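So for the sequence shown, the numbering used here puts the first residue at 1; every next one is plus one.
Every residue gets a Cβ at the ideal spot worked out from N, C-alpha and C, and that includes glycine.
Bear in mind the structure is a predicted one, so any value in this text is a computation, not a measurement.
Worksheet: one structure, shown below.
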Amino acid sequence: MIDMISIIHSYLIRNDAIDKHCRGRIKFYDYPETAEADAPHILISPIGSPMPGEFGSNKELTTNYVFQIDVRGRDRKLVAFLQDEIKKVMWSIGFYTIGGTDQYDSELDKFLNGRRYEGEPYTNEEVKHIDTDIAHIE
């Protein structure tokens, strides 16, 4: 089994702009209320369970994943910039945008730019070497 959420995290922190603005503030599932409130942060959440993708010779070769990645912060332009950097990273690992939201929370004085990404990487042990980065991370 591939831990796709950790793989996504590892790719995001390799991006210089994301690392510069969000180091230590990329979380899974939930962002702690006690965390730093003024700096931008990223939240990665799976949307549903991974689903079987392509099959070959009666074996599952790929797995379909859907994630929502939210960027929150007080600076609207920085939030949009970070989401654009995330889109580039996700595209580089075979995930594409399938929807999203762009909101402002007046109570928290924060902007939220959330996007949903879908991808179907090779996850079968016999063929996942096709994507050497995924095989290397595990």
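Quiz item: What does Q83 pair with, by DSSP beta-bridge criteria?
Solution: For Q83, which the question treats as bridged, DSSP gives no partner whatsoever.
Quiz item: In whole angstroms, what is the alpha-carbon distance linking A80 and S49?
Solution: Rounded to the nearest angstrom, the two C-alpha atoms are 28 Å apart.
Quiz prompt | Cut-off 8 Å between Cβ atoms - residues of its own chain near D75, not counting five sequence neighbours on either side | solution = Excluding residues up to 5 positions away in sequence, P40, F111 lie with their Cβ nearer than 8 Å to the Cβ of D75 in the same chain.
Practice problem: In the DSSP assignment, find the alpha helix (DSSP H) that holds D109 and state where it starts and stops. | Solution: Unbroken run through D109: none, as it is neither H nor E.
Quiz prompt | Backbone CA spacing between I2 and V89 [nearest angstrom] | solution = 18 Å
Quiz item: Can you tell me the Cα-Cα spacing of P121 and N58, whole angstroms?
Solution: 17 Å
Practice problem: Taking the CB atoms as reference points, tell me whether I93 and R116 lie closer together than 8 Å. | Solution: no
Self-check item: Length of the line joining the Cα atoms of I69 and A37
Solution: 18 Å
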